[in-house]
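Our numbering puts the first residue of the sequence shown at 216, with every later residue one more than the last. The beta-carbon is built from N, C-alpha and C at its ideal position, and this holds for glycine as well. Take a look at the structure below.
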Amino acid sequence: MQLLSSKFEKREEGMKEVVATRGICSFLYLLHVLGRKGKMMKSPRVGGSKGKLPPGPRGLPIRGSLPTLGHLPHITLHQWAKKYGPIMYLRLGRIPTVVVSSPHAAQLFLKTHDLVFANRACTEYGRLIHYNFKGLSFCQYGSYWRNVRKLCTLELLSNLKVESLRPMRREELSLLIELIKDSAKAHDVVDLTTMVASLSRDTTCRMVFGKKYNEETLGEGGFKAVAEDLMHLAAAFNVSEYIPCTRGLDLQGVSRRMLVIAKVLDEFFDKVIQEHLAAVAGEEKKHRDFVDYMLGLLESGDYEFLFDRTNIKAIMSNMLVAAIDTTPTTIVWTLSELMKHPRVMEKAQQELENFVGTDRMVDESDLAKLDYLDMVVKESMRLHPPVPFLLPHESMEDCMADGFYIPKGSRLIVNAWAIGRDPEAWPNPEGFKPERFIGTDIDVRGHDFQLLPFGSGRRGCPAMQMGLTMVRLVVAQLIHCFNWELPNGTGPADLDMDENPLLLLLIIGICSFLYLLHVLGRKGKMMKSPRVGGSKGKLPPGPRGLPILGSLPMLGHLPHITLHQWAKKYGPIMYLRLGQIPTVVVSSPHAAQQFLKTHDLVFANRACNEYGRLINYNFKGLSFCQYGSYWRNVRKLCTLELLSNLKVESLRPMRREELSLLIELIKDAAKAHDVVDLTTMVASLSRDTTCRMVFGKKYNEETLGEGGFKAVGEDLMHLAAAFNVSEYIPCTRGLDLQGVGRRMIAIAKELDEFFDKVIEEHLAAVAGEEKKHRDFVDYMLEFLESGDYEFLFDRTNIKAIMSDMLIAAIDTTPTAVVWTLSELMKHPRVMEKAQQELENFVGTDRMVDESDFAKLDYLDMVVKESMRLHPPVPFLLPHESMEDCMVDGFYIPKGSRVIVNAWAIGRDPEAWPNPEEFKPERFIGTDIDVRGHDFQLLPFGSGRRGCPAMQMGLTMVRLVVAQLIHCFNWELPNGMGPADLDMAEKFSLRSCVWVGDGKG
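Pasting the structure below:
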């Protein structure tokens, strides 16, 4: 008997058809430039303050580590694991990925932290082939998954059900044996792969659908072609999964091909369901199959989850596609190893002869006695698991595993192929030696993490028992009934055992379009940052950056921390490029003084960006307007009529009234022992005080669009922080490829309608003589009516200033208050000392008044220390140089953007001993203040463009913090201790923290 070894040799060719051209990613590289602040780039090795990420390769722009995986990624990752360790962190495109390559690491993720990693990633394959993630393998973890798994297990995959289907398997296997006998008599070559695939298809169809279906039933190529296409498509580097903004383009045509196959499958499943319904109606059914059961469940309505005909088809798809590929793969690998190792083949056949004899076929009842056969199958699955990678998991929350921080949303890949070759678990791992299992109870069912062909834990393969029974039975029957040999004089040493991947064969294509764009660009001006500014002087040192992108890709999710680290290498004045923008980063008190005081006038301008144009009414707001006479006049107007010390003092009763309402709300929560959402409450307080101060009255959340003030404020902060293409690649402005411009326009429309409403209310109140108290809008309208101004001023200017005041106040003040309370709860000694000071100077029979502040020295230190560690914005709003300038011996060209890293300055060890420690006492005996005169502490900036609302903001922060710790004793919820409080940084335009919060 001869065997045609056709196991996997066609897979790679099929994959090449799927992925189309090698250059498909070139357009993606451009989209990255037009993308989101370099989030797709090099894997950071530090996860902020939450912990250290696992080690791993750094990767390339956009593609991350994809291009270096090669055609056999499981082997590549196995080699990398030898260098980086059994838990690796890398990026596949934009996807943060953790790769697990040892039994201990697998146990951590699949058992210890099983629940955290129980989810599946959302992919186009799951969406299109599995009916929008309704199949068991790809659905999200939750109640639906539990119900579907229960349904499949009880009615199809339980040991009892597997046992009941024994006669059907025997019948189908007998037909295969007869086919091979006929070939043996004719001395024909046997295409074992195709024959075993047909056996697996027929048994699955009979088990699930109640009968067999011919190849021609399922489209032009039949079951085998559809299954192979699906495995290739599932393995393809599908652009839309890695660069989501390209989903609608379907650059490779992967989605179109999936849609075609999905349509073929859907028509087949509809046909099967209609046949079942017709048979039931005609009372023709004799045997009840799985489709009958699901239709009966649907008809009865006896289910507690969403279940309809689509769900039935999704489960049918899951069962069919998996069975007709993985089982044949395992059988063919096992037969191949047996033919390559005649000694093992002979020993297995001898065992069969001893326990089964030569006068009958193998029965499933014999399997329990065939110990050596069991070892052979286990050894084959160790070296050749059905899929080299288990189906990817996805983390549902942040997690610490083996001392490494694994962020929420990370994709987890368990390299079962590498685990089966781990030399610490398997001596001589490359050798095929079934005897290694003698005297051990290692099994393949997921309890032993050195052998995981079916996975483990919640998302382990539910069809494990069915698959294992089929593999053992078919292998036993084939080597018991026949003596096998290779064709054409091929010997065991000639047998091709090369690996081919099943689930992750990725294309390597990049940058042809990018290179064209560069050539057509600005004669290399977008390229690496020069270190010499011609004859004018030397530029500051800094990283070189990448073509077009500059240093953006390396900034990561927390750029203020990244730039702080770079400053340790390059110095406190760094020069780099963000896209096309030449940028100077300032990271020390001395350097900040140079830019914000010594050369303040040169750097007094703001950069032009889409945010200032759309949200600030074409740069008419105070924060984003260009330096000049307009800025001076608007600042004077705001300072005199809203932000002066006198005006701040006059609004004291209003602040006291609003703060009293907050205290009453918290008191009610304290009495009920409820958890307080402090972030939301302080944000509401800030909104209400700002609205009363600027607009003359409070407005409900619902007044401003669907999401209210808070949602609009958060959206705007994210949009302002986003890497917006138009700012970095100006020639793309009209394309708005990210949709940032469209989103800003939508929010600008909501704000504009709200401001118009406020203005009309004020005009109506003045006309009706209903106004009793004069607010800032009244003043601006009177100013407009009088015509007593020397600069262009109209209704648009009024709305721009209203926008500035509202957006800043509802974000930065709550940030500062919540950070301060968080630090106090994390440091009970400081909290107690601050409360004691309040008790000494305020007493316990009244609330804190703003007049008490002069006596509360320790409270002032607490607020300053909090603002040192957590400035309301980690970067001050960017400045722009209006002319060439020499600073500290470095040449700064005209048009450079200047970013002052206030977060890094607050952690400068030369200015602050033990800078990471929260220690208010460091301010004892110093006159360091937050108002911009001391450059080691710059939460509000300094110089001409320092925050004009500094006094108002500082008063609110100190008052709210004082009142909250004076009136209440705070504790963390759910038994959390100070050490459990999450102080991790997040980045938009500001740092933010979510407090769980306290009880009064």
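Report yes if the C-beta distance between residue i and residue j is below 9 Å; otherwise report no.
i	j	result
residue 332	residue 611	yes
residue 1054	residue 1135	no
residue 667	residue 600	yes
residue 906	residue 996	no
residue 633	residue 284	no
residue 473	residue 339	yes
residue 598	residue 647	yes
residue 691	residue 553	no
residue 515	residue 480	no
residue 299	residue 271	yes
residue 766	residue 788	no
What is the rounded straight-line gap between the Cα of residue i and the Cα of residue j?
i	j	result
residue 918	residue 912	12 Å
residue 689	residue 546	7 Å
residue 316	residue 606	14 Å
residue 1026	residue 898	7 Å
residue 890	residue 1039	17 Å
residue 296	residue 287	15 Å
residue 1086	residue 643	57 Å
residue 409	residue 543	8 Å
residue 581	residue 570	8 Å
residue 1169	residue 673	52 Å
residue 1065	residue 1042	25 Å
residue 999	residue 966	21 Å
residue 856	residue 268	51 Å
residue 720	residue 304	For residue 720, the pLDDT reaches just 26, beneath the cut-off of 50, and the residue's location in the model is therefore unreliable, leaving the point undetermined.
residue 1013	residue 1125	44 Å
residue 1117	residue 806	11 Å
residue 274	residue 758	17 Å
residue 328	residue 630	17 Å
Could you check what DSSP says for residue i in three-state terms: helix, strand or coil?
i	result
residue 576	coil
residue 405	strand
residue 615	strand
residue 433	coil
residue 1145	coil
residue 234	Per-residue confidence for residue 234 stands at a pLDDT of 34, beneath the threshold of 50, marking its modelled position as unreliable; the derived number appears in the next sentence. It is helical.
residue 696	helix
residue 676	coil
residue 1100	strand
residue 427	coil
residue 798	strand
residue 664	coil
residue 604	strand
residue 1095	strand
residue 837	coil
residue 1223	This structure gives no information on residue 1223, because the portion of the chain shown stretches from 216 to 1215.
residue 298	helix
residue 1004	coil
residue 852	helix
residue 845	helix
Got a sec: does the ligand ZN put a non-hydrogen atom nearer than 8 Å to the Cβ of residue i?
i	result
residue 576	Questions concerning the ligand ZN fall outside what the structure shown contains, since it holds no ligand whatsoever.
Looking at the unbroken beta strand (DSSP E) that takes in residue i, where does it start and where does it end?
i	result
residue 620	619-621
residue 626	626-629
residue 359	That residue, residue 359, is in no beta strand (DSSP E); its alpha helix (DSSP H) goes 358-367.
residue 1107	1105-1107
DSSP puts residue i in a beta bridge; with which residues?
i	result
residue 969	DSSP, once it has assigned bridges, lists no residue as partnering residue 969.
residue 1116	1090
residue 311	306
residue 785	BP columns for residue 785 are empty, so no partner.
Assuming residue i is part of the alpha helix (DSSP H), what are its boundary residues?
i	result
residue 546	524-555
residue 863	860-865
residue 1291	Because residue 1291 is not part of the residues shown, which for the chain are 216 to 1215, the question remains open.
residue 1139	Segment: none, residue 1139 is in no alpha helix (DSSP H) and carries neither H nor E.
residue 392	381-400
residue 484	469-496
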